[in-house]
Every structure is written in structure tokens, then in C-alpha cells.
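Student: Numbered per the numbering used here, the sequence shown spans residues 2 to 301.
Here a beta-carbon is modelled for each residue, glycine too, at the ideal position from N, C-alpha and C.
These numbers come from a predicted model, not from an experiment.
Pasting in a structure now, in C-alpha cells, and then I'll have a few things to ask.
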Amino acid sequence: MMKKRIEIDPLGKKAIPEDAYYGIQTLRATENFPVSGIKAPLAFIKAYVLVKKTAALANLEVGWLDQKTAKAIAQACDEVLAGKLLDQFVVDVFQAGAGTSFNMNVNEVLANRALEILGKAKGDYKTVNPNDHVNMAQSTNDTFPTAIHVAVLMALQPLLQELDSLAEAFEKLGKKHGDTMKSGRTHLQDAVPVTIGQEFSAYASALRNAASQLRERQKNLYELALGGTAAGTGANAHPRYKQLAIAELRKMTGFPLKPAKNTFEALQSCRPVQTVSSALKELALELIRVANDLRLLSSG
2 MMKKRIEIDP LGKKAIPEDA YYGIQTLRAT ENFPVSGIKA PLAFIKAYVL
52 VKKTAALANL EVGWLDQKTA KAIAQACDEV LAGKLLDQFV VDVFQAGAGT
102 SFNMNVNEVL ANRALEILGK AKGDYKTVNP NDHVNMAQST NDTFPTAIHV
152 AVLMALQPLL QELDSLAEAF EKLGKKHGDT MKSGRTHLQD AVPVTIGQEF
202 SAYASALRNA ASQLRERQKN LYELALGGTA AGTGANAHPR YKQLAIAELR
252 KMTGFPLKPA KNTFEALQSC RPVQTVSSAL KELALELIRV ANDLRLLSSG
């Protein structure tokens, strides 16, 4: 029989599998939201854990977390970032509460691993508490949008590199066959002559323009809600916390991240992500068009 540990919350008691690093709030979320079976993508998990690590280090810097606790949380974060415990993030992507259940899933996993690092038993939340320590000076309302921004930024970089490589490949092919004449095609009919170089230069230019749009719009993601806490006021956070946490996150990711000019807007608005989504849609349309042109070209 599987060993269990008992955890208690304001709603009562729950038996948690002894080997599970998540806790009672995560278990309740899996029971409340068995919607799709789809779990959070890896990039988002790692981005969220990065946010938790920066928060722990910032709270250590301002004296709100003791060194032993902060270092244990940071080590737990590093282990997840290295690929460990990923099976412990079990909350469905479709959940109520604007991501609160996932935030607590992360908090509980990190708290319980930190407890092990300190030689304590899982569930000993008097020593390391998911809310009071791992989630210190934070809210789902500021950490969730921050993690989305960081995750999207991380996911965009390989795409941008591939776009540059594809555009370069079109340019090289165009130069190689730069003087080769062919019939232009308009309305699916032969038209005036063009060269392969001219045609392929258009494909390269289209991709470079799409990549340029993506690079420009990703700048909208550099402003972060982190430090706004629950409503944008920064309540329950040290006055220096926001700057310290975002500076640490900037160092860890290499992106020029900065506090949002208006944290109230940053908590409420999805516009920065929507602008990137729009650029991705524009890119997809360009790729479809180029693919269709090549398909027609190969048809004779």
C-alpha cells in the first residue's frame, strides 16, 4: 500500500502520497479541475521557478528570509531548472483563479524539496511554508504574468534564430541561381520573366521583416508585473524587493527586464503578449504563403 502523509488546510485534511512533492492545495486543484489532462509546458514551469528563485534571493537581500531558508529554496529551484521533479507539476492548464492553483503547485513542490534539503520531512511547513516563505512578497497576480513574459521570451529565441537561418538559406539559393530566368506567375498563369534570385530574395525579405516585427514586439515583454503583488500596490513586499528581484531575473535570463511603468496595468492587461501573438500570426501567414508559392513552383 502506498504510504501517505496528512496535510491540513482551512477546508480539512487530505492524504498526500508520501513521495509527492506537491501538497494539499495542489491535490485539491487536481480534484477540482480535471479538465483536459494537459499540464503546463516546460518553458512555463522553468520560467515560474526562475521567478521563485529571484524572489527568494531578493527577500534574502532585504532580510525577510534567513539565509538557510533562502538557500534551500534556491537550491530546490536549481534542481527543477536542471530537469528534476518535473512530474510534480500536475495541475491542469485549464483552471479557475487566474493561475492560483499552478502558483501553489510550484510553491508546494519547492517548499517540500527545500525541507528535504534542510533534513526535514515533507509537509513540515513550520520550517518552510509554501505561502509564507516560497511565495513571500508575491501573488499569483504578479508572478503569473511575469512567468508568461519570461517563458515567451525564452521560447522566441530559438524561433528567431531559425528564421534568420531560413532567410539566409533563401538568399544563398537566390544568389546561386541569381541569373536563372523563369516565368513569373500571376493569377496562376505565366507572366513576365523574373529570375530565381529575384523571387527568392522576396522570400528572404519577407522572413526578415517578420523576424524584425517579432524582435520589436518582444520588447513589450521586457516590462514585468513582478513586485506589484496582489493588486499592483506592492503590498506585503519590501520597498526594495521589486528592483532587486527583477535585477536578479535580468541577470539570470540575459533579457533587459525592468519593472512595469504602471504595475496596475501590468496585472490587468495581456496586451504585451497579444502583440507578440499577432506577430506570430503574421509570420505564420508569410510562411504559408511562401510554402504555397514553392508548391506551385514545383508543380511545373
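Taking just the CA atoms, how far does Gly64 sit from Thr141?
Tutor: In a straight line, the C-alpha of Thr141 is about 22 Å away from that of Gly64.
Student: At what residues does the alpha helix (DSSP H) containing Arg241 begin and finish?
Tutor: Segment: none, Arg241 is in no alpha helix (DSSP H) and carries neither H nor E.
Student: Counting along the chain, where does the alpha helix (DSSP H) carrying Gln162 start and finish?
Tutor: Gln162 -> alpha helix (DSSP H) spans 141–177.
Student: Which class does Ala138 belong to by DSSP, given the choice of helix, strand or coil?
Tutor: Coil at Ala138, not helix or strand.
Student: Using CA atoms only, rank isn't needed, just tell me which of Leu295, Val91, Glu19, Pro35 is closest to Phe171.
Tutor: Cα-wise, what sits closest to Phe171 is Leu295.
Student: Given that a residue counts as buried once 16 or more other Cβ atoms are within 10 Å of its Cβ, and exposed if not, what is Gly120?
Tutor: It is exposed - the Cβ of Gly120 has fewer than 16 other Cβ atoms within 10 Å.
Student: Just the C-alpha distance for Gln162 and Leu154, rounded to the nearest angstrom, thanks.
Tutor: Whole-angstrom Cα-Cα distance: 13 Å.
Student: Using CA coordinates, which residue listed in Pro18, His178, Leu51, Ser202 is at the minimum distance from Gly255?
Tutor: It is Leu51 whose Cα lies nearest to the Cα of Gly255.
Student: Going by DSSP, what residues sit across from Gln89 in a beta bridge?
Tutor: In DSSP, Gln89 forms no bridge with anything.
Student: Jot down the residue ranges of each uninterrupted alpha helix (DSSP H) in the region 208–278, minimum 4 residues, whole runs only, in chain order.
Tutor: As far as the region 208–278 is concerned, its whole alpha helix (DSSP H) runs of at least 4 residues are 242–254, 264–269.
Student: With Asn113 and Asn136 assumed to form a contact (beta carbons below 8 Å), what rounded beta-carbon distance in angstroms separates them?
Tutor: Contact doesn't hold; Cβ gap of about 14 Å is too wide.
Student: Between the beta-carbon of Glu217 and the beta-carbon of Leu258, is there less than 9 Å?
Tutor: Contact: no.
Student: Between which two residues does the beta strand (DSSP E) harbouring Ile17 extend?
Tutor: That run of the beta strand (DSSP E) goes 13–18.
Student: Using a Cβ-Cβ cutoff of less than 7 Å, which residues in the same chain neighbour Ala59 once the five nearest sequence positions on both sides are dropped?
Tutor: Around Ala59: Tyr242, Leu245, Ala246, Glu249.
Student: Compute the distance between the beta-carbons of Thr144 and Ala236, then report whether it is under 9 Å.
Tutor: In this structure, Ala236 does not lie closer than 9 Å to Thr144 by Cβ.
Student: Is there contact between the region 201–208 and the region 274–293, where contact requires at least three CB pairs shorter than 8 Å?
Tutor: They touch, by the three-pair rule.
Student: Mapping the DSSP letters down to three states, classify Lys53 as helix, strand or coil.
Tutor: Three-state DSSP puts Lys53 in a helix.
Student: What did DSSP end up calling Met182 once you bin it into helix, strand or coil?
Tutor: DSSP places Met182 in strand when its eight states are reduced to three.
Student: Taking the Cβ atom as the reference point for each residue, do Thr31 and Val92 lie within a distance shorter than 9 Å?
Tutor: In contact: Thr31 and Val92 (Cβ atoms closer than 9 Å).
Student: Going by Cα to Cα distance, which pick from Ile9, Ala44, Ala83 is closest to Leu28?
Tutor: It is Ile9 whose Cα lies nearest to the Cα of Leu28.
Student: Does the region 145–152 touch the region 32–52, meaning 3 or more C-beta pairs lie closer than 8 Å?
Tutor: The region 32–52 vs the region 145–152: in contact.
Student: With the cut-off set at 9 Å, would you say Ala21 and Gln89 are in Cβ contact?
Tutor: It is a contact, given that the beta carbons lie within the stated cut-off.
Student: Quick check: the Cα distance between Lys54 and Lys282, rounded to an integer number of angstroms?
Tutor: Computed Cα separation, rounded: 33 Å.
Student: Just to confirm, is the Cβ distance from Gly84 to Arg6 under 9 Å?
Tutor: Going by C-beta atoms, Gly84 is not nearer than 9 Å to Arg6.
Student: Within 10 angstroms of the Cβ of Gln68, are there 16 or more other Cβ atoms? Answer buried if so, exposed if not.
Tutor: The residue in question, Gln68, is exposed, as its Cβ has fewer than 16 Cβ neighbours within 10 Å.
Student: Taking DSSP as the reference, what is the three-state secondary structure of Ile7?
Tutor: Three-state result, Ile7: strand.
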